[in-house]
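Below: one structure, written as structure tokens.
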Amino acid sequence: MVERGLPTSVGETTENSESGGSLARMLQILELFTDAGPVWSTADLIEALQTSRSTGYRYIKTLHDAGLLTAVRNGYYTLGPRIIEMDLQIRQTDPMLMASHGVLEDLVEKIGHSALLLTAFRDSVLCIGESRAPRSPENRFSRGQRRPMFQGAGSKVILAHLPHHRLKALYPRHRVEIESAQLGSTWSEFRKKLGDIKKDGHLLTLGEFNPGVYGVAAPILTDQKTAVGSVGVAWDENERRDLDVKQAVGAVKYAATTISERLQDMQRQS
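Below, the structure is given as structure tokens:
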């Protein structure tokens, strides 16, 4: 049985969107659909939202009419076809994806392992693009999946380049996770750790998600030197003993710099 109730991320959205009123509440319905719970009944949606039946029905009808929900049988819904259209539009027009065209493929060719393109999303990172190496494992991090902001090279290099006010807001909400990730037990230690990552311009990790797996990432920066994303690769230490780590770091940093420069050029021309 699927656990019914608003996920944590939705709860966080509620705190940040109280002024959004009923619109924000209605959009939270979309957060309920997950791999574990892809189909929801009208009754369960209304119960999860803790709203009146009339309001719940109105929300569902509005989302259905917009194509964001679709009925799979009487009284049961799943995510709708408009989302598929929007995904195609994003793939064809998203500036970061456009700026990364060919770059991830070149990176894979240089080091022989899959490359990922990540962006910040709420208090996490989201994979928005990938280029797979031959015989790459199917269960590796891929487009549409999220990871914590405080674990992994691709996440931490974005974190290190977030604006000061974002970090100030993040820290009190995630002190436990930050300390568990060895990013510091105080605000001062946290800032110093991030400052070191920022100074290096990349991060190399080992075993943060899977034992024996290296990860290296570099930030994609705006002309204001804040991160809009990162480029990362990962490989098992037993897969490529011949892979030069310095070579991998250099290739990843070059890829991130190329995408950053392309993005900045696109912004200047718009």
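All letters in the sequence shown, in the order written, are residues 1 to 270 by UniProt numbering. Yeah, the Cβ is synthetic: ideal placement off N, Cα and C, and Gly gets one too.
Where residue i falls: helix, strand or coil (DSSP)
i	result
D196	helix
Q264	helix
V231	strand
D244	coil
D236	strand
E85	helix
T34	coil
S54	helix
V213	strand
T186	coil
A71	strand
S131	strand
P163	coil
E146	Note on residue identity: the sequence assigns Arg, not Glu, to residue 146. In the structure shown, R146 sits in a strand (DSSP, three-state: E or B).
A181	coil
S270	coil
S41	strand
A256	helix
T93	helix
residue 273	Only positions 1 to 270 of the chain appear in this structure, which leaves residue 273 out of reach.
T62	helix
Counted within 10 angstroms of its Cβ, other Cβ atoms place residue i as buried (16 or more) or exposed
i	result
S185	exposed
M266	exposed
G11	With a pLDDT of 38 at G11, under the threshold of 50, the predicted position of this residue should be treated as unreliable, though the coordinate-derived value follows. Per the 10 Å Cβ criterion, exposed.
L118	buried
R268	exposed
M26	buried
L88	exposed
M149	buried
G56	buried
S52	exposed
S131	buried
Q50	exposed
Contacting residues, own chain, Cβ-Cβ under 6 Å from residue i (five flanking each side not counted)
i	result
E189	none
R146	S124, L126
W235	H113, Y214
I259	A99, S100, V103, I220
E179	S185
F33	L79
T226	H161, P163
A181	F150, Q151
T205	A153, G215
L69	L63, Y77, G80
Pair within 8 Å by beta-carbon distance, residue i and residue j
i	j	result
A115	V228	no
H161	K198	yes
A248	V231	no
A251	I111	yes
R143	I158	no
Q264	D223	yes
Residues near residue i by beta carbon distance below 8 Å, same chain, minus five either side
i	result
T257	A218
G207	V213
A71	H64, Y77
E239	H113
K253	G201, H202, A218
Same chain only: Cβ atoms within 7 Å of residue i, ignoring 5 sequence neighbours per side
i	result
G67	G80, P81, R82
F209	Q151, G152
Are at least three pairs of beta-carbons, each pair with one atom in the region 77-97 and one in the region 28-46, less than 8 Å apart? yes
Take every Cβ of the region 90-106, pair it with every Cβ of the region 194-201, and state whether three or more of those distances are shorter than 8 Å. By the Cβ rule, the region 90-106 does not count as touching the region 194-201, because fewer than three pairs are nearer than 8 Å.
TODO: Tell me, please, whether the region 151-159 touches the region 210-226 by the rule of three or more beta-carbon pairs shorter than 8 Å.
DONE: yes
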